[in-house]
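Numbering (my numbering), first residue to last: 621 to 719.
Glycine residues also receive a C-beta, built at the ideal position from the N, C-alpha and C atoms.
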């Protein structure tokens with residue numbers, strides 16, 4: 621039985637947490653910009669394509685540099701950031717400048 625190699629997991633998690641934060645910040649900015657437009661679909665599609673592409677490209681780099689354990693840390697960090705973001709979204713806390 622092989623043990624978990626914690627150094628790559630922590631490296632992947634650190635990169636994943638930073639990129640996930642940028643991903644969800646980009647989502648918030650993209651949503652605000654799109655909702656101000658007459659036709660929001662194009663803005664939402666462009667925002668999603670850019671965010672997803674960057675997230676996957678960096679994930680691919682993490683996998684290449686750190687291996688499977690780093691990729692696992694990267695993915696777990698994204699899931700944790702997603703859980704936090706959706707929890708705050710469900711709480712209904714108004715964003716700055718929207719009240």
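Residue i (DSSP reduced to helix, strand or coil)
{"i": "residue 649", "result": "helix"}
{"i": "residue 624", "result": "coil"}
{"i": "residue 693", "result": "helix"}
{"i": "residue 657", "result": "coil"}
{"i": "residue 686", "result": "helix"}
{"i": "residue 636", "result": "helix"}
{"i": "residue 712", "result": "coil"}
When the options are compared against residue i, the one with the closest alpha-carbon
{"i": "residue 640", "options": "681, 703, 626 and 661", "result": "703"}
{"i": "residue 681", "options": "622, 625, 635 and 626", "result": "635"}
{"i": "residue 626", "options": "710, 693 and 711", "result": "693"}
{"i": "residue 706", "options": "623, 645 and 654", "result": "645"}
{"i": "residue 624", "options": "710, 688 and 699", "result": "688"}
C-beta atoms of residue i and residue j nearer than 8 angstroms
{"i": "residue 628", "j": "residue 679", "result": "no"}
{"i": "residue 663", "j": "residue 657", "result": "yes"}
{"i": "residue 675", "j": "residue 643", "result": "yes"}
Integer-rounded CB distance, given that residue j should sit under 8 angstroms from residue i
{"i": "residue 701", "j": "residue 633", "result": "Not a contact, Cβ separation roughly 10 angstroms."}
{"i": "residue 690", "j": "residue 631", "result": "5 angstroms"}
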